[in-house]
Amino acid sequence: MHIPDMMLQGAICPVTAALAATGLAGTAYVASTTKIKPAASLFAGVTALVFAAQMANFPIQLGTSGHLLGATLAVALLGSAFGILAMSLVILVQCLVFADGGMSVLGANVLNMALLASLPAVIVREFCSSTTFQKSAYFAAAFVSTLLAAAACAVQLAIAGVAPLQDVLPAMLSVHTLIGLAEAGLTVAALVVLSYTTMRVAFSMTWIIPLGFAAVIALVVSPFASGLPDGLESVAAALQFEHLSGTLFSAPFADYRVPAVNSATLSTALAGFLGVSLLFGIAYGTGRVLTQKERKQ
């Protein structure tokens with residue numbers, strides 16, 4: 003669902019950028035002042051896991067693929083503010099390093115996939131204290147998260163004049179319904195597996211589990227991910243605006259490929275591993291900064 007450069011033009015770009023910047027500033031403030039913070043290493047491990055999971059596209063139907071968005075998973079594991087920040091870091095690195103999502107529409111992508119997509123999980127995290135129904139609640143949150151991000155993208159496309167709302171909104175919601183169901187199932191499965199595995203390691207070492215899964219997905223799974231168009235790409239083709247795609251700059255590992263490596267499988271694996279390592283480092287540094295005040299007290 004990463005919107006590429008040129009697909010959105012006009013006032014919608016600075017407006018969404020301003021909204022995203024405002025939302026992230028508020029989120030960073032909440033993260034720095036909240037009393038319960040995840041360890042910087044866990045924040046980094048989960049951020050790396052979300053990045054790797056987004057590389058693993060799977061076929062859905064009619065020549066369309068999907069992948070885990072990860073907003074609900076991040077919020078469930080890290081808390082509301084840190085979950086949103088983790089998603090934002092993933093989207094930023096995807097744009098700047100892998101040309102996945104355009105620079106001019108970075109604000110729209112952060113708004114859709116980090117801020118808005120996290121809202122259902124934030125509601126569950128903050129207001130659903132019952133552990134009995136929590137997994138079911140996160141299942142519903144992950145499903146709604148996908149549709150909410152898709153609907154926001156459709157509205158932005160309509161405002162930009164790319165396609166009429168009456169055409170693009172049903173198309174986006176239709177194709178993302180199945181993706182949302184897959185998102186919900188994968189999110190709950192990931193929560194169960196991570197909960198089971200982290201209980202068997204020392205508390206200070208829990209970050210190794212999501213980081214290990216991230217490395218395996220990047221190195222082993224991502225090279226064999228589906229090459230079919232994702233939900234937005236399939237809608238763009240159906241409504242004939244797929245030509246509105248491009249990039250404003252040359253990213254070092256565009257399309258998740260290492261230029262010097264001829265083997266497509268090895269190239270994707272190496273790019274994925276580099277992305278996991280980069281995200282872990284950036285997120286760890288960010289986490290240390292956000293928990294600095296707490297450490298000094």
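Quick note: to get my numbering, add 2 to the position in the sequence shown (first position is 1). By construction, the Cβ of each residue, glycine as well, lies at the ideal position given by its N, Cα and C atoms. Source: prediction; values computed, not measured.
DSSP places Gln-242 in the coil class of the three-state scheme, outside both helix and strand. Apart from sequence neighbours up to five positions away, the residues of its chain that approach Val-146 with a beta-carbon distance below 8 Å are Pro-122 and Gly-182, ordered along the chain.
Per DSSP, the beta-bridge partners of Ser-67 are Pro-61. Contact annotation: the segment 253–262 does not touch the segment 14–29, with fewer than three C-beta pairs closer than 8 Å.
With contacts defined as CB atoms closer than 8 Å, Met-57 and Ala-76 fail to qualify as a contacting pair. Nearest to Ala-273 by alpha-carbon distance, out of Ala-101, Ser-67, Ala-78 and Gln-11, is Ala-101.
Runs of the beta strand (DSSP E) lying entirely within the segment 160–230, each at least 3 residues long, are absent.
Just so you know, the alpha carbons of Asp-169 and Thr-200 end up roughly 45 Å apart. Inter-residue distance for Gly-289 and Phe-53 is about 17 Å (C-alpha atoms, whole angstroms). Residue burial annotation: Leu-167 is exposed, with fewer than 16 other C-beta atoms found within 10 angstroms of its C-beta. Counting only residues of its own chain and dropping the five nearest sequence neighbours on each side, Leu-213 has a CB closer than 8 Å to the CB of Ala-46, Gly-47, Ala-50, Leu-51, Val-278 and Phe-282. By the neighbour-count criterion, in which a residue is buried when 16 or more other Cβ atoms sit within 10 angstroms of its Cβ, Gln-63 is exposed. Counting only residues of its own chain and dropping the five nearest sequence neighbours on each side, Ser-247 has a CB closer than 7 Å to the CB of Pro-6, Met-8 and Met-9. For Asp-7, the three-state secondary structure derived from DSSP is strand.
If you draw a straight line from the Cα of Lys-137 to the Cα of Thr-74, it comes to about 11 Å. Secondary structure of Gly-248 (DSSP, three-state): strand.
Judged by their CB atoms, Ala-165 and Leu-71 are not nearer to each other than the 8 Å cut-off. Ranked by how close their Cα comes to the Cα of Gly-65, the residues Phe-243, Gly-229, Glu-128 and Gln-294 have Gly-229 in first place.
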